[in-house]
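In what follows, a single structure is set out as structure tokens and then discussed.
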Amino acid sequence: MKPPVRCSNSTVFALRLMLIFGVLSAWEVLVRFDLLDPFFMSQPTAILFDMKEAFVSGDIMPHIIVTLKEALAGLLIGTFTGIASALLLEKIDLLARILDPIIMAFYGIPKLALGPIFILWFGLGMQSKIFLAALMVYFLVLFNAYAGFKNVDQTLVNAARLMGAKKGQIMRKVILPSSSPWLLAGVKAGLGAALLGAVVGEYIGANEGLGWMVEYAGGMYNIARVFTCIITLMLIMAVLNAMLGMVERYLLKWRPTAL
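Under my numbering, the sequence shown has 245 at position 222, and the numbering climbs by one with no breaks.
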């Protein structure tokens, strides 16, 4: 049996670029030969020109900053409250048993459906988008953090206690490092959820932000600008995810790698 073929990172990157270039080329050709309606689909060259105009003029930058502020604030709030809640539930088993069905019931609510309610409560400003983003992050971090805390090796905890470690030291030196893979997995999942919550909140009701730009451009039938905003969001997500990946590799460098 032949061993599986392993491709280098440079090969994978080159193939990825070829795939993207092929899709964009096919899209452009289909539009130019009237096989796709540019009114509904635009075309890559028009989108590229619109992106250049949006960034050179600076029109899009204030909206990027607003969306980033909302998403990152929601990510921080959702992460800290999720970890704190998970720690509390792990420490108090009775509380976990009482709240488990209630938490699952709230988790089952479509979070995006709460957007209009948050806008009604907190207005069209950034607060409503931050709360929506934080709520979408909260449950993802809560479940991952709770699983991480439950999987901490109690032998290590008991050994730390026998050596005279205090509760704070056990938390910093044993529990958090042991559960860090689960915590980081929750944060990585929450990153996309935070950005989605901010954008959807802006789309529902706002006067700034990339979500508002998508809604406004769509209402004006400016499909190229809609795609400009979508591609910008994709690039933001890719950059943030890459940064978080670097943090993850740094924090988990103590873990043994697979042979």
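We treat Cβ as the ideally placed atom computed from N, Cα and C, and that holds for glycine.
Mapping DSSP to helix, strand and coil, what is A170?
-> Translated into the one-based positions of the sequence shown, residue 170 becomes position 147. Residue state for A170 is assigned as helix, using DSSP reduced to three classes.
Those runs of the alpha helix (DSSP H) which lie wholly inside the stretch 76-136 and span at least 4 residues = Listed in chain order, they are 84-114 and 116-130.
Roughly how many angstroms separate the alpha carbons of L118 and A157, rounded to a whole number?
-> Position 95 of the sequence shown, counted from the first residue, corresponds to residue 118. Position 134 of the sequence shown, counted from the first residue, corresponds to residue 157. Rounded to whole angstroms, the separation of the alpha carbons of A157 and L118 is 23 Å.
Closer than 8 Å, CB to CB, is V249 near chain B or not?
-> Given the protein chain composition of this structure (a single chain), no chain B is represented.
With distances taken from CA atoms, which of F62, I106, M74 and L59 is nearest M194?
-> Sequence index remark: in the sequence shown, residue 194 carries index 171 (1-based). For M194, the closest of F62, I106, M74 and L59 by C-alpha to C-alpha distance is I106.
Grab the span of the alpha helix (DSSP H) containing K190 for me, first residue to last.
-> Indexing the sequence shown from 1 puts residue 190 at position 167. Unbroken alpha helix (DSSP H) run through K190: K190 to I193.
Please state if the CB of V237 and the CB of V223 are separated by a distance shorter than 8 Å.
-> Counting from one through the sequence shown, the residue named residue 223 turns up at place 200. Counting from one through the sequence shown, the residue named residue 237 turns up at place 214. Taking 8 Å as the cut-off, the Cβ atoms of V223 and V237 do not count as close.
Can you have a look at N264 and say buried or exposed, based on whether 16 or more other CB atoms are within 10 angstroms of its CB?
-> Translated into positions along the sequence shown, residue 264 becomes position 241. The C-beta of N264 has fewer than 16 other C-beta atoms within 10 Å across all chains shown, which makes the residue exposed.
Thinking A216 and V160 are a contact (beta carbons under 8 Å), I'd like their distance in whole angstroms, please.
-> As a working mapping, residue 216 is identified with position 193 in the sequence shown. As a working mapping, residue 160 is identified with position 137 in the sequence shown. Beta-carbon to beta-carbon, A216 and V160 are separated by about 5 Å, close enough to satisfy the 8 Å threshold.
In terms of alpha-carbon separation, which member of V180, T251 and E225 lies closest to M149?
-> In the sequence shown, residue 149 corresponds to position 126, counting from 1. Answer by Cα proximity: E225.
So, helix, strand or coil for A182, using DSSP?
-> Against the sequence shown, residue 182 aligns to sequence position 159. A182 falls in the helix class under three-state DSSP.
Closest by CA to R272, which one among G213, T255 and L207?
-> Position 249 of the sequence shown, counting from 1, holds the residue named residue 272. Ranking G213, T255 and L207 by Cα distance to R272 puts L207 first.
Under a three-way DSSP split, which group does F56 fall into?
-> Here the question's residue 56 lines up with position 33 in the sequence shown. The DSSP-derived three-state label of F56 is coil.
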